[in-house]
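Engineer: Here it is: the structure, laid out below.
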Amino acid sequence: MATAKIFMIRTRSAIGVLSLAGVTCLVACSNEEQITLGLDDYRIEDYADLSPEDLVQKFNLRESDVAVRDLPGWAPLKKVVVEMPGNEPWGNRFERLEFLREGVPGVEFVPVKNLSDAIERGVLADAQATIGLGCSPSTVDAIGPDVRWIQSGSVGLDRCFNTIGEEAERMQNIFRERNILVSSIRDMTKHAIAQHTLTIMLSLIGGMDIHAERQRQHIWGRTTTDVVRDKNLDVEFQDLTLLVVGLGSLGTEVGRLAHALGMRVIATRNTSRSGPDFVDYVGLSDEMFDLAKQADIVFAAVPPTRLRLDYLI
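Heads up, the sequence shown is in my numbering, so the first residue is 3 and it goes up one at a time.
Given below as structure tokens:
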């Protein structure tokens, strides 16, 4: 039976320059305005000529049958509060803010460092949307009554919907009663996270932690003690099986890279058994433990709900 190494990857990345094209598109289209992206000025030339339709295809987005402007209670945006983290160089923050302002003239974009800064300055009271502040209970409690759109600064939305008990019910009622649209930056960071995952995976497979410690102690050359300390050292990629728990956008990209290195890839997903050709087998979520018996490595790319954490930890 194979020994599984479990890597759980969680991230809360700030909205990057690339995602601003999609944000600008949503604001402009929901306000029924013509948009001018002007991407050449912001060093993202690869996306300079993309239309809204191209952006949808590029980032594998699913279009709703109902336009944002036709949602109940929706009104054109006048003021949007944007998180610009204080640890980011000001030049980058200024570029992002100007990008939004030029792309959607007539909308006021107000930069804040974080939620505390936004509350202290009182800028949420009359805003219609927030970008990057998330949707935790503390954020939802702080926003004004006119907020109709919350753009998360991360891929996952677990902080919005994975609270438990009475708090979960309260949050759901707020989103439902106020018709608040919540969106994420799905697909925007999958390449970076997948490459980071493969870097960690290969480092552990190759025993880089052991080699780094030997280097620190000025122990040169390899001895049998390395293998004794970790029997998984010196394996070849084509001898390994990777189980991807959650064959979504990120899980698929990790599987693709692992397959390119020669690994056998199996996976689970919550909705169907369909998957790309490089995945040998796609099971449903309740098959996770059986499939883990076949795996040398388990990569989990699922929302950290309480149920899933109980399974994985």
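Where a beta carbon is used, it is the ideal one built from N, C-alpha and C, also for glycine.
Looking at Glu104 and Gly134, is the spacing between their C-beta atoms short of 8 Å?
Structural biologist: no
Engineer: Whole angstroms is fine: what's the gap from Glu179's alpha carbon to Val247's?
Structural biologist: 34 Å
Engineer: The alpha helix (DSSP H) that contains Leu204, what's its start and end?
Structural biologist: 192-207
Engineer: Please classify Val230 as buried or exposed, where buried requires at least 16 other C-beta atoms within 10 Å of its C-beta.
Structural biologist: With a pLDDT of 48 at Val230, under the threshold of 50, the predicted position of this residue should be treated as unreliable, though the coordinate-derived value follows. The residue in question, Val230, is exposed, as its Cβ has fewer than 16 Cβ neighbours within 10 Å.
Engineer: Return the residue from the list Gly257, Trp222, Gln240 that minimises the CA-CA distance to His193.
Structural biologist: Considering only alpha carbons, the answer is Gly257.
Engineer: Would DSSP call Ser185 helix, strand or coil?
Structural biologist: strand
Engineer: Return the Cβ separation of Ala151 and Leu183 in integer angstroms, given the expectation that the two are a contact with Cβ distance under 8 Å.
Structural biologist: Per the sequence shown, residue 151 should be read as Trp rather than Ala. Separation of the CB atoms of Trp151 and Leu183 is rounded to 5 Å, and the pair is thereby assigned contact status at 8 Å.
Engineer: For Gly146, which residues from the same chain have a beta carbon less than 7 Å from its beta carbon, with the 5 sequence-adjacent residues on both sides left out?
Structural biologist: The beta carbon of Gly146 lies closer than 7 Å to those of Leu126, Ala127, Asp128, Ala129 in the same chain, with the five residues before and after it left out.
Engineer: What residues match up with Val61 in a beta bridge as DSSP calls it?
Structural biologist: The sequence as given places Phe at residue 61; Val does not occur at that position. DSSP, once it has assigned bridges, lists no residue as partnering Phe61.
Engineer: Which residues in the same chain as Lys81 place their Cβ atom closer than 7 Å to its Cβ, once the five residues preceding and following it in sequence are excluded?
Structural biologist: Glu110, Val112, Asp128, Ala129, Gln130
Engineer: What number of angstroms, rounded off, separates the C-alpha of Thr270 from the C-alpha of Gln59?
Structural biologist: 25 Å
Engineer: Determine the direct distance from the alpha carbon of Leu286 to that of Gly264, and round the result to whole angstroms.
Structural biologist: 24 Å
Engineer: Which residue or residues does DSSP assign as beta-bridge partners of Leu245?
Structural biologist: DSSP lists Ile268, Val300 as the beta-bridge partner residues of Leu245.
Engineer: Can the beta-carbon of Ile176 be found less than 8 Å from the beta-carbon of Val142?
Structural biologist: yes
Engineer: In this structure, does DSSP put Gln219 in helix, strand or coil?
Structural biologist: coil
Engineer: DSSP state of Ala30, grouped into three classes?
Structural biologist: Because Ala30 carries a pLDDT of 42, less than 50, the predicted location of this residue cannot be relied on, and the following value inherits that uncertainty. Residue state, collapsed to three classes: helix.
Engineer: Give, in chain order, every unbroken run of the beta strand (DSSP E) that is at least 3 residues long and sits entirely within the segment 104-152.
Structural biologist: 110-114, 131-133
Engineer: Taking the beta carbon of Ala196 as the centre, do at least 16 other beta carbons fall within 10 Å, making it buried, or is it exposed?
Structural biologist: With a 10 Å radius around the Cβ and a threshold of 16 neighbouring Cβ atoms, Ala196 comes out buried.
Engineer: Considering only the alpha carbon of each residue, which of Ser274, Asn272, Arg275, Val281 lies closest to Leu259?
Structural biologist: Val281
Engineer: If you run the structure through DSSP and keep just helix, strand and coil, what is Gly257?
Structural biologist: In the three-state scheme derived from DSSP, where H, G and I count as helix and E and B as strand, Gly257 is classed as helix.
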